[in-house]
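**Student:** One structure follows; several queries about it will come next.
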Amino acid sequence: GAGVSQSPSNKVTEKGKDVELRCDPISGHTALYWYRQSLGQGLEFLIYFQGNSAPDKSGLPSDRFSAERTGGSVSTLTIQRTQQEDSAVYLCASSRRQFNTDTQYFGPGTRLTVL
Amino acid sequence: SQQGEEDPQALSIQEGENATMNCSYKTSINNLQWYRQNSGRGLVHLILIRSNEREKHSGRLRVTLDTSKKSSSLLITASRAADTASYFCATDAKAAGNKLTFGGGTRVLVKP
């Protein structure tokens, strides 16, 4: 079946605006993860979902960041009042189960640029 | 600071040569995984090694794990231009809950 998809692939916004990033995981995958990657850096964990619930939100940088998942499938990451330091590639991944022995399959990412 | 840190940060080799990169981590782990990333976009899972394993092979990839030194290495043998990418280790640390912690990556350039 199809892999993980993310939209948009690129987003340019002005400082102070809100943005929504979307992730469609692989069908049947119960776990979904959001990461952020700044230029030339490693991945920073943001949040993960098991089904529709988010047991671990510890990586969200501030209260301007929120995420939800509905129907155990699509997830949206919302950044309110964007700042220039939010500019990064936002990557989504899904796995069959929440256990970390399962391979995480990554989407192509959304490149966010805040002017 | 990050749980996993790769060394070197960048590596440039000729096609056909072997590429070795290392990952060090700080706390006890359940397993360690290696991922590849092309062009700064999605990551591809390469190999997983559990804490009770010492070595694992997959095609031209060889991964070792030394839990006493809290380090792992990834060896790519007979490298090809298509191996040019960034390589990341990710640890599933006992103290970190159900999430992977990624290192900063090693950028590998294989010159034809």
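Protein chains in written order, with the numbering used here: chain E, 228 to 342; chain C, 53 to 164. Glycine included, every Cβ here is placed at the ideal spot set by N, Cα and C. Please read these numbers as outputs of a predicted model, since none were measured by experiment.
1) For Asp135 of chain C, which three-state DSSP category applies?
2) Check the Cβ-Cβ distances between Leu259 of chain E and every residue of chain C, and say whether any is below 8 Å.
3) Tell me the DSSP secondary structure of Glu312 of chain E in three-state form.
4) Rounding to the nearest angstrom, what Cα-Cα distance links Gln311 of chain E and Ser289 of chain E in this structure?
5) In terms of DSSP beta bridges, what is Leu152 of chain C paired with?
6) What residues in its chain sit with their C-beta under 8 Å from that of Gln54 of chain C, if we drop five residues either side in the sequence?
7) Is it true that the CB of Leu117 of chain C sits closer than 8 Å to the CB of Arg106 of chain C?
8) Are any of the Cβ atoms in chain C nearer than 8 Å to that of Leu318 of chain E?
9) Taking the beta strand (DSSP E) that Val231 of chain E belongs to, which residues open and close that run?
10) Name the DSSP beta bridge partners of Arg88 of chain C, please?
11) Mark Gln233 of chain E as exposed unless 16 or more other C-beta atoms lie within 10 angstroms of its C-beta, in which case mark it buried.
12) Would a C-beta distance cut-off of 8 Å place Val162 of chain C and Ile99 of chain C closer than the cut-off?
13) Cα separation between Tyr317 of chain E and Glu67 of chain C?
**Tutor:** Short version:
1) helix
2) no
3) Three-state DSSP puts Glu312 of chain E in a helix.
4) 14 Å
5) Beta-bridge pairing by DSSP links Leu152 of chain C to no other residue.
6) In this predicted model, Gln54 of chain C has a pLDDT of only 47, less than 50, meaning its place in the structure is not dependable enough to derive any value.
7) yes
8) Closer than 8 Å: yes.
9) That residue, Val231 of chain E, is in no beta strand (DSSP E); it is neither H nor E in DSSP.
10) C:Val96, C:Tyr139
11) buried
12) no
13) Straight-line Cα distance between these residues: approximately 32 Å.
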